[in-house]
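J.: Per UniProt numbering, the sequence shown starts with residue 1, numbered consecutively.
Glycine included, C-beta positions come from ideal geometry on N, C-alpha and C.
Next up is a structure, given as structure tokens.
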Amino acid sequence: MTERIGLFADLHSNLEAFDACMDKAEELGVTRMVFLGDLVGYNADPVALIDRIAALVENKKAIAILGNHDEAVFKDSRNKMNASANAAIEWTKTQLNNSHVEFLKNLPLMVNEEKICYVHASAYNPPDWNYVTESMSAWRCAQSSGKNYTFVGHAHEQALFYQSAVGKLIRFAPHPGDEIPVLPHRQWVGVVGSLGQPRDGNPEACFAVFEPESEVLTFHRTPYDHYTAAEKVRRAGLPEDLATRLITGK
């Protein structure tokens, strides 16, 4: 069976987007999953998300990485987040039991495999939650991981950086559904986008699929019922701008 790794980041307690992406991943023949952090925050279904991901991890079908919003559940990060993010974290804390919090506490900052590094923000000083958004930050990330492939989230928009002949990392805007050859003679940094709160003007959920044997990476967008997800945010009493972001994708 061909290995297909599903890459999901910034899920942010969005159950509708999660279910849609899991259905799409099954349709695409994904054989294992990597959740690149920020399982919680912003949206209204933290318990369901943690329960489902914890079950996948326990059954060896997935690995999960710590994100900054996950860390904020058990470590004071109020001075590092905006008011809406902080309000969502404070609400999330009231929803979780001790086992949920322990699951988040035990998530690794980074996981390395033979040719692949998985991390939420950047392999360059992971606890600092640096963004990978342009060539220099991508170069630092790739140099720090030392792997052929580094997959990250945190930035909420999809991007692919590849190493040029002179070593500089160049940004490429992937088109959803296009198979991209990612040959291992150069380094690659894939920013997989946000499943739970996209910010590029398109509300469809983001994820990617990597096929190590064929050395192909494909970015995906999946429609979901973002109106229901937004209404749940409102019913939970969370800030209105968080509901609006789900509808506008901004």
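So what does DSSP say about A25, is it helix, strand or coil?
T.: Three-state DSSP puts A25 in a helix.
J.: In whole angstroms, what is the alpha-carbon distance linking F210 and G29?
T.: Spanning the two alpha carbons is a distance of roughly 11 Å.
J.: Measure from the alpha carbon of L39 to the alpha carbon of each residue in E26, L66 and M33, then state which is nearest.
T.: Ranking E26, L66 and M33 by Cα distance to L39 puts L66 first.
J.: With T218 as the anchor, note down where its beta strand (DSSP E) starts and where it stops.
T.: From DSSP, the beta strand (DSSP E) with T218 extends over V216 to T222.
J.: Along the chain, where does the beta strand (DSSP E) containing Q197 start, and where does it finish?
T.: Q197 -> no beta strand (DSSP E), and no H or E assigned at all.
J.: Pick out whichever of E26, P198 and D45 has its Cα sitting closest to the Cα of R235.
T.: Residue D45 is the option with its Cα nearest to R235.
J.: Leaving out five residues on either side along the sequence, give the residues of the same chain with a beta carbon under 8 Å from the beta carbon of H175.
T.: Cβ within range, chain order: F219.
J.: Within this structure, are the beta carbons of L49 and N14 separated by less than 9 Å?
T.: Yes, Cβ-Cβ distance for L49 and N14 is below 9 Å.
J.: Sort out for me which residues DSSP pairs Y162 with in a bridge.
T.: Answer by DSSP bridge pairing, in chain order: I170 and W188.
J.: Quick one: Cα of I89 to Cα of S145, how far?
T.: So the two alpha carbons sit approximately 30 Å from each other.
J.: Across which residues does DSSP place I247 in a beta bridge pair?
T.: Answer is none; I247 lacks a bridge partner.
J.: Please report how far the alpha carbon of A121 lies from the alpha carbon of M1, in whole angstroms.
T.: Straight-line Cα distance between these residues: approximately 31 Å.
J.: In three-state terms, what does DSSP make of T92?
T.: Three-state result, T92: helix.
J.: Taking the continuous alpha helix (DSSP H) assigned at Y227, which residues delimit it?
T.: Taken as a continuous stretch (DSSP letters only), the alpha helix (DSSP H) holding Y227 covers H226 to R235.
J.: Does the count of Cβ pairs from the region 169-187 and the region 93-108 closer than 8 Å reach three?
T.: These segments do not touch.
J.: Considering just the uninterrupted stretch of the alpha helix (DSSP H) at V34, what are its terminal residues?
T.: Careful: V34 lies outside any alpha helix (DSSP H), inside the beta strand (DSSP E) at R32 to F35.
J.: Taking the alpha carbon of Y42 as the reference point, which residue from T222, P198 and E213 has its own alpha carbon closest?
T.: Nearest of T222, P198 and E213 to Y42, Cα basis: P198.
J.: Name the DSSP beta bridge partners of A62, please?
T.: In DSSP, A62 forms a bridge with M33.
J.: Can you grab the Cα-Cα spacing for the pair E114 / P239, in whole Å?
T.: Using only the alpha carbons, I get a separation of about 42 Å.
J.: Round the Cβ separation of P203 and G249 to the nearest angstrom and send it over; I've been treating them as touching at under 8 Å.
T.: Going by Cβ atoms, the distance from P203 to G249 rounds to 4 Å, so yes, they are a contact pair.
J.: Under a Cβ-count criterion, where at least 16 other Cβ atoms within 10 Å of its own Cβ denotes burial, should A165 be classed as buried or exposed?
T.: Under this definition A165 is an exposed residue.
J.: Could you tell me if E16 is buried or exposed, where buried requires 16 or more neighbouring beta carbons within 10 angstroms of its beta carbon?
T.: Classification for E16: buried.
J.: Give me the Cα-Cα distance between R140 and V132, rounded to the nearest whole angstrom.
T.: Distance between the alpha carbons of R140 and V132: 9 Å.
J.: What would DSSP say about L112, mapped onto helix, strand or coil?
T.: In the sequence under discussion, the amino acid at residue 112 is Asn, which differs from the Leu named in the question. In the structure shown, N112 sits in a strand (DSSP, three-state: E or B).
J.: Could you say which of F74, R52 and E26 lies nearest to T92 if we only look at CA atoms?
T.: Selected option, being the one with the closest Cα: F74.
J.: Give me, in chain order, the residues of the same chain whose beta-carbon lies closer than 8 Å to that of L195; leave out the 5 immediate sequence neighbours on both sides.
T.: F8, A9, D10, L11, H12, N14, A17, F18, C21, A205, C206 and F207, listed in sequence order.
J.: Comparing alpha-carbon positions, which option in I247, F151 and H185 lies nearest L217?
T.: Checked all of I247, F151 and H185; the closest Cα to L217 is F151.
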